[in-house]
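Down below is the structure, laid out as structure tokens.
Number of protein chains: 2
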Amino acid sequence: MARSALTREQVLDAAAVLVRQHGPGALTMRKLAAELGTAVTSIYWHVGNRESLLDALVERTVADLGAIRPRGATPADRIASVARALRRELRARPHLVAMVHERGLTERMFLPAQRVLVREVHAAGLRGARAAEVVRAVQFHVVGQVLVERNRERAPAQSPAEQDLWAGEAAGEDPALARALARPVDTDRLFTRSVRALVSGLLDAGDRGVRAGPYSQ
Amino acid sequence: MARSALTREQVLDAAAVLVRQHGPGALTMRKLAAELGTAVTSIYWHVGNRESLLDALVERTVADLGAIRPRGATPADRIASVARALRRELRARPHLVAMVHERGLTERMFLPAQRVLVREVHAAGLRGARAAEVVRAVQFHVVGQVLVERNRERAPAQSPAEQDLWAGEAAGEDPALARALARPVDTDRLFTRSVRALVSGLLDAGDRGVRAGPYSQ
DNA sequence: ACCTGAACACCGTTCAAGT
DNA sequence: ACCTGAACACCGTTCAAGT
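Protein chains in written order, with the working numbering: chain A, 1 to 217; chain B, 1 to 217.
Okay, here's the thing in structure tokens:
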């Protein structure tokens, strides 16, 4: 498409389009060249090779992740809201997560959110190594969940699904549980609840020693 | 190596060796054929194509994941111990996790552990949908963490590392936190603590309503 | 400084032909 | 029922040659 004096920017733009449409696997140097109307080898002059092209693409997409504003009254609520916002941002860029994952750049992607989290954990009254641990636990949890969710979306029908297993099995003992596990997972709800549990568990731990208090019943 | 009457089993064995040594990316049909001393095309007769070869490999490896025995006195401890055991099993087979992830078979891989978790969550006094939620939250958390850790191991040196950021920045306000975030993550410790927090958060939630009680300070 | 085509060393897969 | 080589349609990358 684009004519006259190929730019590195143009290459990145075209590459971004290909990746957005069909994922990183669909980005071949030859297709990209065809899209740009140049010889394959011209691309190499501008971006080096496929690997560093993808690197540059990741760098770029990470850069325009939106800023995150915490919401809520209590620190626990505000930390949980940061986690939810971050998940939303990442889920809006499904291929980014895959590429960042492949490249091992998760840490980098997370720096802006980390700053925000530190502020909120401070507001919760934590300092030093204990505060750092909470920040990292939340961070790891969010990325982990996003990765798992992405994975599940790609393969909607699992071979011997949970359904089949839980249809008969424990139905006698706890039919409601069997029914619940046979239903597809509501990932939004699960994320919200587990983040809330994680955060309250992390913040509570300090109050009453490491081993958190009584368990239900 | 192997001579006379190529078997499907032999193909899988040789494929497993290649994958174990250098990851799924290193498994090419041509290398595999060379290893087996046959024509590339013979392999197709036995396993169909590369994709279903990898599927079969995953199936096989998932099948010999060890059984998990919970340890500890309280349900919270026992649930956490299942999470840790599962993480250990998965980390012992790094390529399996990648392949399962690519194939979207996470659910399947998790079925045996799910049974064990259900028993422990029952022991904690939960039933029905609430019990199912705890099981799934733990399950998702473990897989998520294993994926994140695998990702981090592949790229040990992150470009603008946390180190650089936290070296100067907030050092004034909370130097201990800055130091902690500048240190490399102790993933074993982080996993143990966050699982404990998550589980206690999940089990507590029932006792005192959804919004878990006071946060520290 | 930028672009080109030819060539190299790889892929996965199909297919007609052998035994 | 099993194995084969030839061939097809792809890859990423290098390199000498052009302007």
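By construction, the Cβ of each residue, glycine as well, lies at the ideal position given by its N, Cα and C atoms.
Between residue i and chain B, is there a C-beta pair that is closer than 8 Å?
i	result
Arg-78 of chain A	no
Ser-200 of chain A	yes
His-95 of chain A	no
Ala-137 of chain A	yes
Asn-151 of chain A	yes
His-46 of chain A	no
Gln-145 of chain A	yes
Can you give the Cα-Cα distance for residue i and residue j, rounded to whole angstroms?
i	j	result
Val-97 of chain A	Ala-205 of chain A	31 Å
His-95 of chain B	Glu-173 of chain B	42 Å
His-122 of chain B	Ser-200 of chain B	15 Å
Thr-187 of chain B	Pro-175 of chain A	37 Å
Gln-145 of chain A	Phe-140 of chain B	7 Å
Arg-152 of chain A	Ala-5 of chain A	43 Å
Leu-90 of chain A	Ser-194 of chain B	22 Å
Ala-63 of chain B	Ala-129 of chain A	40 Å
Ala-137 of chain A	Phe-191 of chain B	8 Å
His-46 of chain A	Ala-56 of chain A	12 Å
Gly-209 of chain A	Leu-203 of chain A	Residue confidence is low: Gly-209 of chain A scores 43 on pLDDT, short of 50, so the model does not pin down where it sits. No coordinate-derived value is stated.
Ala-142 of chain A	Arg-69 of chain B	Sequence inspection shows Val at residue 142 of chain A; the Ala mentioned does not correspond to that position. Computed Cα separation, rounded: 28 Å.
Ala-34 of chain B	Val-185 of chain A	44 Å
Glu-9 of chain B	Arg-179 of chain A	38 Å
Leu-18 of chain A	Leu-36 of chain A	11 Å
Arg-78 of chain A	Arg-88 of chain A	15 Å
Arg-3 of chain A	Val-40 of chain A	Bear in mind that a pLDDT of 47 at Arg-3 of chain A, under 50, signals an unreliable position, so the number given afterwards is only what the model happens to contain. Approximately 15 Å, taken between the alpha carbons.
Met-99 of chain B	Arg-93 of chain B	10 Å
Ser-52 of chain A	Ile-43 of chain A	11 Å
Gly-25 of chain A	Val-58 of chain A	14 Å
Would you please verify whether the beta carbon of residue i is less than 8 Å from any beta carbon of chain A?
i	result
Leu-190 of chain B	yes
Gly-25 of chain B	no
Ser-194 of chain B	yes
His-22 of chain B	no
Thr-28 of chain B	no
Val-148 of chain B	yes
Leu-181 of chain B	yes
Glu-133 of chain B	yes
Gly-209 of chain B	Low confidence applies to Gly-209 of chain B: its pLDDT is 43, below 50, so where it sits in the model is not reliable, and the reading given next is rough at best. Judged by the 8 Å Cβ criterion, Gly-209 of chain B is not in contact with chain A.
Val-118 of chain B	yes
Gly-37 of chain B	no
Val-19 of chain B	no
With residue i and residue j assumed to form a contact (beta carbons below 8 Å), what rounded beta-carbon distance in angstroms separates them?
i	j	result
Ala-113 of chain A	Val-82 of chain A	6 Å
Arg-60 of chain B	Leu-12 of chain B	7 Å
* To do: Output, in sequence order along the chain, the residues in the segment 60 to 72 of chain B whose CB is closer than 8 Å to any CB in chain A.
  => Going along the segment 60 to 72 of chain B in chain order, one finds no residue with a Cβ nearer than 8 Å to chain A.
| task | Within the segment 64 to 145 of chain A, note down every full alpha helix (DSSP H) run reaching 4 residues or more, in order along the chain. | result | Correct list: 75 to 91, 94 to 103, 106 to 109, 111 to 123.
Worksheet item: According to a CB-to-CB cut-off of less than 8 Å, which residues of the segment 95 to 113 of chain B neighbour chain A?
Response: Listed by position, the residues of the segment 95 to 113 of chain B near chain A (Cβ gap below 8 Å) are His-101, Arg-103, Gly-104, Leu-105, Thr-106, Glu-107, Arg-108, Leu-111.
**Prompt:** Whole alpha helix (DSSP H) runs in the segment 37 to 64 of chain A with 4 or more residues, listed along the chain?
**Reply:** Entirely contained in the segment 37 to 64 of chain A, the alpha helix (DSSP H) runs reaching 4 residues are, in chain order, 40 to 47, 50 to 63.
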